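Structure first, commentary second.
Okay, here's the thing in structure tokens:
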């Protein structure tokens, strides 16, 4: 059986005081489902794509999972100096040549932080309570450099202090009585972010000037509201030289004559921009920002990363 992942709704810091809940660090990685059959392992991302081949260092984790067959939910991360490093992960997510995949697997090996179980030895367990599913996990996972059980705490405030000190993404709060709801964004799981971030669709770009003349100046961003793309601003900071070259190359393949916007939204997007090249809505960028302005645009946006595990329509 193939599953979709359960998703969390946005929560507030008040959620950190909930009784009967546990709190997990929100790790900066890629959400994956692990399908184990015998000692064979298959990894799929949120879009259901098989990404196993990109992580050969994980082919041998079968013996670390003491179940003949199971389906596990996890975050795949690249640790650098004991912290998740999404830039390194992003480099690996785009590799297709076998030589480079093998090389990077040795230089920057991946670790799976497992936090849930959906199926055990042919029987679904999604209707069991989270506290029981956690107990199952503790019995079948043997921690190793490539696969570990994701840590959790009962004291949300104490974990929040640690997350802030280490500058991690945030916390996922989960009701111990909750069942697993595939494909649903549930109020039984809440994410409390350490930073204001938003996933946006890149729908165009402005031409760069000066030292960036050969590249782009800023990316034109949108989110979907009721199925329609809405302009939320432009981002021109957060890019290394390597990213400028990489993104410019990626966008050239997506150029199109017409924007995805209505005439009204296109007018907003063209404000303060002499020329915009429109793109097919394929790339998803995660943006850090201070707040939304009164015009519903991002204030002080900074590019963080691309997301290759989501569909554009999920950017809402």
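Numbering (the working numbering), first residue to last: 1172 to 1487. Beta carbons: idealized from backbone N, C-alpha and C, even for Gly. This structure is a prediction, so every number in the text was calculated from the model and none was measured.
For residue 1439, no beta strand (DSSP E) encloses it; the enclosing alpha helix (DSSP H) starts and ends at 1434-1441. The continuous alpha helix (DSSP H) containing residue 1272 extends over residues 1269-1278. Its Cα nearest to that of residue 1216, the residue 1204 stands out among 1204, 1227 and 1324.
With a cutoff of 8 Å on beta-carbon distance, residue 1323 and residue 1188 are scored as not near each other. Distance between residue 1409 and residue 1361, taken at the CA atoms: about 28 Å. For residue 1291, DSSP records a beta bridge to 1241 and 1294. Residue 1263 carries a helical assignment under DSSP once its states are collapsed to helix, strand and coil. Each of 1356, 1423 and 1270 was checked against the Cα of residue 1387, and the nearest Cα belongs to 1423. For residue 1320, the uninterrupted beta strand (DSSP E) run begins and ends at 1318-1320, by DSSP. Note on geometry: alpha-carbon atoms of residue 1291 and residue 1355 lie some 21 Å from one another.
Taking a C-beta distance under 8 Å as the contact criterion, residue 1334 and residue 1308 do not qualify as a contact pair.
With contacts defined as CB atoms closer than 8 Å, residue 1281 and residue 1206 fail to qualify as a contacting pair. Check the Cα spacing between residue 1379 and each of 1390, 1235, 1372 and 1485: the tightest is with 1390. Relative to residue 1403, the option among 1457, 1419 and 1364 whose CA is nearest is 1457.
Within its own chain, no residue has a Cβ closer than 6 Å to the Cβ of residue 1337 once the five positions on either side in sequence are excluded. Contact fails between the region 1436-1451 and the region 1469-1482, because fewer than three Cβ pairs, one in each stretch, are under 8 Å apart.
Remark: C-beta atoms of residue 1201 and residue 1247 approach each other more closely than 8 Å. Taking all protein chains shown into account, residue 1376 has 16 or more neighbouring C-beta atoms within 10 Å of its C-beta and is therefore buried.
In this structure, the beta-carbon distance from residue 1453 to residue 1475 does not fall below 8 Å.
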